[in-house]
Each structure stands twice: as structure tokens, then as C-alpha cells.
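Top to bottom, those sequences are chains A and B.
Here the numbering used here is used: the first residue of the first sequence is 2, the next is one more, and so on.
Here the numbering used here is used: the first residue of the second sequence is 23, the next is one more, and so on.
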Amino acid sequence: MQSSSPPVPVSSPVAITSLPSPLADTAACPRRTRLHIDLLLLAIEALDLGGSEALLKTAKDLELQGIIENRVALWRLRSTNPLRRGSQRRSMSLDEARALVVITCHLAKRLTVLIRQLLLEHQRLVEKDLSPDHHFRLSHYLERFRAHFRSRMNPKRAGVMAYSTDEKLNDLALSLLSQLLFCTGTSGPQRLWSSLFDGEIA
Amino acid sequence: MTIQRQYSLPNCRLVLEGWGDGASASSDFMEGRPVMTILTNAECHFSGQEKPLSGDREFLENLIVSVNQYAQQMLSGVTHPIGQKSGAAPLIHLSQTDPSHHRLTMQGAQTNGKAASSDASGENQMVLSTVQLFDLVEAIDQMIADAQTLPDLYLDLTPVPKRGAVSQEPVTSRIIPAALGVSGLAIAAIALFFIPVPEFEITEPEIQTEESLENGLTPGVEPGSTPDSTGQDPEEPADSSLSETPSSDASLPDEASTDEAGTEGADTDIPSQEEIEELFTTATPIADSDQLDDLTAELRETIVDAWNQPATFEENLEYRVGVSEDGQIVGYRYANDAALTYANDIPLGDLTVFPSLDSLSEDAPIAQFRVVFLPSGVVEVSPWYGRLGDDGDS
Numbered sequence: 002m003q004s005s006s007p008p009v010p011v012s013s014p015v016a017i018t019s020l021p022s023p024l025a026d027t028a029a030c031p032r033r034t035r036l037h038i039d040l041l042l043l044a045i046e047a048l049d050l051g052g053s054e055a056l057l058k059t060a061k062d063l064e065l066q067g068i069i070e071n072r073v074a075l076w077r078l079r080s081t082n083p084l085r086r087g088s089q090r091r092s093m094s095l096d097e098a099r100a101l102v103v104i105t106c107h108l109a110k111r112l113t114v115l116i117r118q119l120l121l122e123h124q125r126l127v128e129k130d131l132s133p134d135h136h137f138r139l140s141h142y143l144e145r146f147r148a149h150f151r152s153r154m155n156p157k158r159a160g161v162m163a164y165s166t167d168e169k170l171n172d173l174a175l176s177l178l179s180q181l182l183f184c185t186g187t188s189g190p191q192r193l194w195s196s197l198f199d200g201e202i203a
Numbered sequence: 023m024t025i026q027r028q029y030s031l032p033n034c035r036l037v038l039e040g041w042g043d044g045a046s047a048s049s050d051f052m053e054g055r056p057v058m059t060i061l062t063n064a065e066c067h068f069s070g071q072e073k074p075l076s077g078d079r080e081f082l083e084n085l086i087v088s089v090n091q092y093a094q095q096m097l098s099g100v101t102h103p104i105g106q107k108s109g110a111a112p113l114i115h116l117s118q119t120d121p122s123h124h125r126l127t128m129q130g131a132q133t134n135g136k137a138a139s140s141d142a143s144g145e146n147q148m149v150l151s152t153v154q155l156f157d158l159v160e161a162i163d164q165m166i167a168d169a170q171t172l173p174d175l176y177l178d179l180t181p182v183p184k185r186g187a188v189s190q191e192p193v194t195s196r197i198i199p200a201a202l203g204v205s206g207l208a209i210a211a212i213a214l215f216f217i218p219v220p221e222f223e224i225t226e227p228e229i230q231t232e233e234s235l236e237n238g239l240t241p242g243v244e245p246g247s248t249p250d251s252t253g254q255d256p257e258e259p260a261d262s263s264l265s266e267t268p269s270s271d272a273s274l275p276d277e278a279s280t281d282e283a284g285t286e287g288a289d290t291d292i293p294s295q296e297e298i299e300e301l302f303t304t305a306t307p308i309a310d311s312d313q314l315d316d317l318t319a320e321l322r323e324t325i326v327d328a329w330n331q332p333a334t335f336e337e338n339l340e341y342r343v344g345v346s347e348d349g350q351i352v353g354y355r356y357a358n359d360a361a362l363t364y365a366n367d368i369p370l371g372d373l374t375v376f377p378s379l380d381s382l383s384e385d386a387p388i389a390q391f392r393v394v395f396l397p398s399g400v401v402e403v404s405p406w407y408g409r410l411g412d413d414g415d416s
């Protein structure tokens, strides 16, 4: 850590200081928090071909290596999603969740143009009563999201069985897409962070 | 002097008019951008809508709270309790019409006649797309983040507490499963009431065997083969081929042998250990380390899920397991003596699908794993050859 060198401020917390503690600092993240962050990251990976590399690079750029050291650490964190194959019983600390939220919003911001374009296209298709397959880029996103979801989530979990059809997975992918849009805004990280604890605090 | 501030986004423009605070005005002019502290009029223009929403400070505060709550609701899926902090009925209400459209309703009558709507009902309604809604949220967020405009406004981003959280599922759909369960139980109870209690007679085991043989009640057991003789029975090819270790037959539990005798017809489809050995040596191994990782995790989970009885053995049971690309266990071999002895106490046999070997050995790639069952109840799974890809890289 760089705390010993005075000119450089302690860097890793800076990116995440704007996110308050909804729970006690030592508390672990609730189930829905872990699940939701992972799904949003999955949507980003479906949007951006180099998404998983970008995740690690962003962690480095935002100087969050103290929390997410490497690929394995990131994979472990994402495996706290209870719906994953090989889901880990390990917990996710608030700082780890903060780091993932900041990374999610950072990546979403970079993809703003694409996210807006896809949502506008989808809306146009809905107005014309056409299926999403009629737009190449949109159907590409949905297809990749479905493939990611099916290959990584455990089909035996009830939460995954709920998304057994292409249509249901498309709906999930589209709702995640509009959620990512809200992450791109000025207060995106704060909004996402707060929403992850809706209904979870005492 | 009047100050005007605009926050423009592709689909939404928020225009504020007001005055600065006289006291701080002089210093602010130095910086070129005075602080707006008093709001006289707020207008919210949407693309595609002729008339803007407009109102005074009360309108703006209402807009901020309602839009903020609705945006958070979209992100979390958890309904926020409707209502303003002040307790007054909200002037502005948002609701979802379909997954990509949102209806914004404004009670026009209460806004000092400044509302754009001149409808008889006093209501102003518009339907916004998700992107339009986001632009509205973003305009508000930019305005609040702007320290030079109404610095006393702030964004309340507190998560709703457990008590306030309203489940999205309507009550009826939550009751239906419970009602079905209760009525199902009742129906089952009534149905079972009419079934007579089975009579149970204690008889000598040997007599029972003879009787059942006479009655033909145990299909598969051929007349003449008594359960005692199974261990050395030459008629069982699968069993004899299992005997790689000399002590194996004697140590196999009796019921295992009878099981095999009972399903002799099916046994012929199950490949022998030699065939599996051949499959393991001839099939293309899966070398992709990502795929191996996935298969490892999947295999571990499958076995852990299926292995729900306590360990009956004292030493580690080691197996070499072949898994096809789609995660199916296609065969397994015993890697130590104990593994054969306790083969029936672990779930590998039940999990294995035996495809026809001809179809597999040709070109279907197979990943091989070392699966170790520990007496402590832990299952260890690792690729049999380690990671082929890693070896190549280093």
C-alpha cells in the first residue's frame, strides 16, 4: 500500500469513499446484493467482447488492486453469486462490493452510447411489434447474455430455473440493460449502491 | 438579477430560473457564476412533448423525490413506499406501463395555476421511455451535483428498510402455492384413507426366497442361482471383469452382487473396466483449461449433490472419472483397492451415463479427473493430467 508515501494519498479507498455504509462495516453483503452485482457484470460482458479483461484493467486503473488483486480474486468474488455453478459459500465484504459497484459504473459509463442505442432500438422494435431479433446488435447482445448466463449459472437452482426460456432471459437481459443505463449517470455509483440494499437493512 | 440554469440532455431539458442571495453575490460574481438560492420557476421539457412540466419550488422538490424513488425502484426491483417526507400527497407520480415505458402523472390543480396542463381533470400525464426517464434522472442529478444551484437541495439515497419493502408479488400469487400444498395434502390423506394397510408377515429368509422364486416374484434372478453363489458365478461377465484386484470379489458387499444379478439384462450395456480403460487412452483429452475448470466445478457439484449419505469407509477412495464435453460422466475406473470395495457407497455409479462406446471413442473429447472421496465426507476433484494448457505455456 502507498500510505507510507506522503505525496500520494491512500489511493484504493478514494474511488469508493463516496459510498456510505448501509450496514455495519463488518457485515457481509446480503444474497441479493451478490446476485445483482454479478448479473450486471454479466450484462457488461455480453455488451463488450473484452468485458472480463476490461474488468481487471478498470480495477487497476481505479487503483482497487488492494481489494481485487487478480483474476482469481475477481472470480472468487463473482462466485459468491448463489446462482452460479460452483458457487462459493464465502461472503462478500462491503468494500469488495463497493469496488465492484464502482467498476460496474465505470464500465457502464464507457458503454453509454451503446447502451442508449440498444435501448432506443428495442423501444422502436416494441412500437413496431417486432421481436428483438430484428436488430443485429441487440440480438447479438441478447444471444451473448443468454449464453453467458446458461454456461455459468447452475440450472438446478430454482432462481435459474425461473429463466428457462429464451424470452425470460431476454427480459432479464433488457432489464439489466436499463439498469446499466442508470449506472452511467452522475450519481450512478451512489444510486446502484443504495439500490443493492433496498429491503435489506433493518 | 435573474439567474437561469439549464441542464440539457438529449431527451430532457431542465430549466431553472431564480435569484441569487444578495449577501454572497459580490464574491460569486468574481467567479463568474453566482449561486442561485431562490427558485422562481422550474420547467422540464421533454423531447416529443409540446408543453413542459413547470412549477415552483414545491413542484421541483416533488419531482426530485418522486423521480428519485422511482429510479431506485427500477434499479432494485424493490418497491419504495409512495409518499413525500412532508406527508402531503405527491404531486407527481410515476408508474410503469410496460417494461420499457413509464407514466408520469402530475396533479396540476395544486400548483398555483402554473401547471402546463389545462385539462379539466387538472392532471397532466405523459408516457416516457426508459431512456427519456433516465435523461430526466440525469438532469436532476446534475442539478443537485451543481453546488452553484440551490445548494440546499440534496438527494436522499437511503435504501428502504425491510419493513418498508413491499414484495413485488401480489398476495394472491403468494397464497396459491400454500393453498395448493394444503389441499394436495388433504386429497392425499383422503386417498390414502381408502388404501388398506399392507399386512406384514415375518417368515424365514430361506423360505421367502424359495416362495418368491416359485411365484416368479423376483424377475432377473434365474432359477438355480441362489444369492449365496453369486460371488463365484461364472455367468456374470461384468463381475469377473471387475476383478482387477484379487480380493475384490470377496470383499464386495452381498447386496451389490445380488443387485447386479437382478439387473443382469442391463449389465451388458455397461462397459467393462477394460473398455473404459481403452476409452480413457484413446479419446482425445480436453486440454482447454477454462473448460477443465468449468467441468471440474460442475463434476464436484454433481457428486457433492448426489452423495448425501455418511462415509462408510476409513481410507480415501480414489477414482479416475471420464467426463464428456457436456459434463456427463461417461465412465470411471477404480484407482485404489478401497475404491472398488466401497464402490456402492458412493454415487458415481448412479451418475454415470453409459453411452455406446462406439460413438464416443471415435472423436468425442473426454476430460479425465481424479475424484477422491475422503472419509471426512469431502470430495476432491482435480484434472487427471493436471492442466495440459499450463504445461504447454510454461
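All C-beta atoms in this analysis are idealised placements derived from N, C-alpha and C, irrespective of residue type, glycine included.
Within the 8 Å Cβ cut-off, does A167(B) reach chain A? Chain A, which has a Cβ nearer than 8 Å to the Cβ of A167(B), makes this yes.
Going straight from the alpha carbon of V37(B) to that of L82(B), what length do you get? When only Cα atoms are considered, V37(B) and L82(B) end up about 11 Å apart.
From what residue to what residue does the beta strand (DSSP E) around T127(B) run? That run of the beta strand (DSSP E) goes H123 to Q129.
Examine chain B for any beta-carbon lying closer than 8 Å to the beta-carbon of I202(A), and answer yes or no. yes
Of the choices M165(B), Q331(B), I308(B) and V345(B), whose alpha-carbon is the least far from that of T374(B)? V345(B)
I'd like to check one pair, S188(A) with D163(B): are the Cβ atoms closer than 8 Å? Taking 8 Å as the Cβ cut-off, D163(B) and S188(A) qualify as a contacting pair.
Interface residues of chain B around F198(A) at Cβ under 7 Å? P181
Between V326(B) and A74(A), what straight-line distance do the alpha-carbon atoms span, to the nearest angstrom? 24 Å
For the beta strand (DSSP E) that E65(B) lies in, which residues bound it at each end? M58 to F68
Would you mind reading off the limits of the alpha helix (DSSP H) that contains A167(B)? T152 to A167
If you measure between the beta carbons of I154(B) and C34(B), is that distance less than 8 Å? For clarity, residue 154(B) is Gln in the given sequence; the question names Ile instead. Cβ distance < 8 Å, so Q154(B) and C34(B) count as in contact.
Given 8 Å, three or more beta-carbon pairs between the region 157-177 of chain A and the region 39-46 of chain A: yes
Going by DSSP, name the residue or residues bridged to L75(B). Beta-bridge pairing by DSSP links L75(B) to C66(B).
Using DSSP with H/G/I as helix, E/B as strand and the rest coil, what is C30(A)? C30(A): coil per DSSP, three-state reduction.
Below 8 Å on C-beta distance, what does R322(B) contact in chain A? Result: G87.
Taking A360(B) and F391(B) to be in contact with their CB atoms under 8 Å, please state how far apart those CB atoms are, rounded to whole angstroms. Incorrect: roughly 18 Å between the Cβ atoms, too far for contact.
DSSP-derived helix/strand/coil call for L20(A): coil
Under three-state DSSP, which class holds V100(B)? coil
Would you mind stating whether H107(A) and E122(A) have Cβ atoms separated by less than 8 Å? no
Once you ignore the five residues that flank R85(A) on each side, which residues in its own chain have a CB closer than 8 Å to its CB? D39, R79, R153, M154 and N155
Can you confirm whether F150(A), when its beta carbon is compared against all beta carbons of chain B, has any partner nearer than 8 Å? Not closer than 8 Å to any Cβ of chain B, the Cβ of F150(A) fails to qualify, so no.
For R192(A), collect the residues of the same chain with a Cβ closer than 8 Å to its Cβ; drop the 5 residues on either side in sequence, then sort them by chain order. The beta carbon of R192(A) sits closer than 8 Å to those of F183, C184 and G186, all from its chain and outside the five residues before and after it, given in chain order.
For R158(A), which residues of its own chain have a beta-carbon under 8 Å away from its beta-carbon, when the five flanking residues on both sides are left out? These residues qualify, in order along the chain: P83 and L84.
What ranges does the alpha helix (DSSP H) occupy inside the region 336-402 of chain B, keeping only unbroken runs of at least 4 residues that lie completely in it? Counting whole runs of 4 or more residues, the region 336-402 of chain B contains the alpha helix (DSSP H) stretches 359-363, 370-373 and 379-383.
Closer than 8 Å, CB to CB, is P173(B) near chain A or not? no
Taking P190(A) and V103(A) to be in contact with their CB atoms under 8 Å, please state how far apart those CB atoms are, rounded to whole angstroms. Sure, about 6 Å apart at Cβ, within 8 Å.
Just by C-beta distance, which residues in the region 185-196 of chain A are closer than 9 Å to chain B? T185, G186, T187, S188, G189, Q191, R192, L193, W194, S195 and S196
Can a CB atom of chain B be found closer than 8 Å to the CB of P31(A)? no
Taking all protein chains shown into account, do 16 or more other C-beta atoms lie within 10 angstroms of the C-beta of I212(B), making it buried, or fewer, making it exposed? exposed
Residues of chain A with CB closer than 9 Å to the CB of V343(B), please, in chain order. The premise fails here: V343(B) is roughly 17 Å from chain A at the closest Cβ pair, so nothing lies under 9 Å.
Using a Cβ distance threshold of 8 Å, determine whether the region 386-406 of chain B contacts the region 302-314 of chain B, with at least three qualifying pairs required. yes
List the residues of chain B whose Cβ lies closer than 8 Å to the Cβ of D172(A), in chain order. P121
CA-to-CA distance, E144(A) to Q118(A), given in whole angstroms: A direct Cα-Cα distance of roughly 17 Å separates Q118(A) from E144(A).
So who's on the other strand from I86(B), going by DSSP bridges? Paired residue(s): none; I86(B) is not in a bridge.
When DSSP labels each residue in this structure, what does S188(A) get in the three-state scheme? Three-state result, S188(A): coil.
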